[in-house]
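Numbering (full-length UniProt numbering), first residue to last: 1 to 289.
The beta carbon of each residue, even a glycine, is placed where N, CA and C say it ideally should be.
This report refers to the structure that appears directly beneath it.
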């Protein structure tokens with residue numbers, strides 16, 4: 001019976017993951033197609049016509065959930081997810097799966113083990129999301145350096161900002177897979193007829209990606225004032241590389257400190273035993289006589 005209570009939540013969790021990751025985007029696309037055929041589509045808000053999107057928007061808008069979701073949404077947005085995908089991921093990882101884990105924990109391990117599992121199930125997904133956001137931020141900062149290199153090369157060849165970004169999004173996807181998601185969004189906004197400043201603001205909406213934010217500010221300044229960008233892009237690249245070197249030095253120093261702690265915990269006791277062991281044994285034999 002206990003094995004049944006363990007297998008049932010696991011099966012439900014796998015089914016929920018499959019529905020959220022694989023089926024939900026297909027349902028959203030099918031809904032948008034039906035809306036367009038019926039001429040009732042609403043452009044950017046078409047995803048909200050599905051009941052899943054409506055429930056996700058309602059749940060994340062609750063007063064007791066909204067502040068927590070705002071914190072997680074920034075990390076999820078850094079990974080390239082839309083607001084709709086961020087809402088689904090947040091509900092699945094931070095509420096649905098923890099609820100199943102808590103239920104299974106209390107049924108299988110009792111109150112004490114269930115309380116421990118509840119704490120882990122509540123804190124671990126949020127920690128994982130923050131780590132995903134931090135890793136995506138680091139990767140996109142590095143990819144933004146390549147974006148600056150390519151933009152400078154293409155603009156020196158005579159291309160405009162829009163054509164340069166469109167060409168980079170098409171040709172540089174293997175080099176910058178995460179950042180190309182934002183470039184595709186920029187191209188879609190431009191194709192919809194929006195102003196370039198608005199599209200650039202959407203491209204640099206995440207202020208934690210500092211290199212991309214500097215790039216966006218430079219492109220907006222170039223578009224409004226007509227200033228050259230080659231020297232400014234070179235300066236952004238140098239500053240980004242200096243920041244990356246400083247970050248690597250800091251991580252190297254941190255690894256050295258961690259290794260020192262590991263050495264103190266594991267190597268020093270063995271060294272003390274090796275050096276002082278014979279003396280201790282001799283003293284013990286002397287007292288034994």
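Please confirm whether residue 140 and residue 170 have their CB atoms less than 7 Å apart. no
Report the residue ranges of all alpha helix (DSSP H) runs contained in full by the UniProt domain "Type II secretion system protein GspF" (151-275); include only those spanning at least 4 residues, in chain order. 161-171, 179-191, 196-203 and 210-225
Any idea if residue 80 is buried or exposed, counting beta-carbon neighbours within 10 angstroms, 16 or more meaning buried? buried
Compare the beta carbon distance of residue 229 and residue 218 with 7 Å and say whether it is the shorter of the two. yes
So what does DSSP say about residue 109, is it helix, strand or coil? helix
Is it buried or exposed, residue 76, if we count other Cβ atoms within 10 angstroms and call 16 or more buried? buried
Going by CA-CA distance only, name the one from 182, 58 and 156 that's closest to residue 78. 182
Contact under 7 Å by Cβ, residue 152 with residue 233: yes
Return the first residue and the last residue of the alpha helix (DSSP H) that residue 51 is part of. Run containing residue 51: 51-60, per the alpha helix (DSSP H) assignment.
Put residue 80 into one of helix, strand or coil per three-state DSSP. Residue state for residue 80 is assigned as coil, using DSSP reduced to three classes.
Going by alpha carbons, who is nearest to residue 84 out of 287, 107 and 57? 57
Around the Cβ of residue 97, are there at least 16 other Cβ atoms within 10 angstroms (buried) or fewer (exposed)? buried
Ordered along the chain, which non-local residues of its own chain (more than five positions away) have a Cβ less than 7 Å from that of residue 114? 102, 105 and 106
Consult DSSP for residue 286 and reduce its assignment to one of helix, strand or coil. Helix.
Should residue 231 go down as buried or exposed, given a rule of 16 or more other Cβ atoms within 10 Å for buried? exposed
Where residue 253 falls, given that 16 or more other Cβ within 10 Å makes a residue buried: Flag for residue 253 reads exposed.
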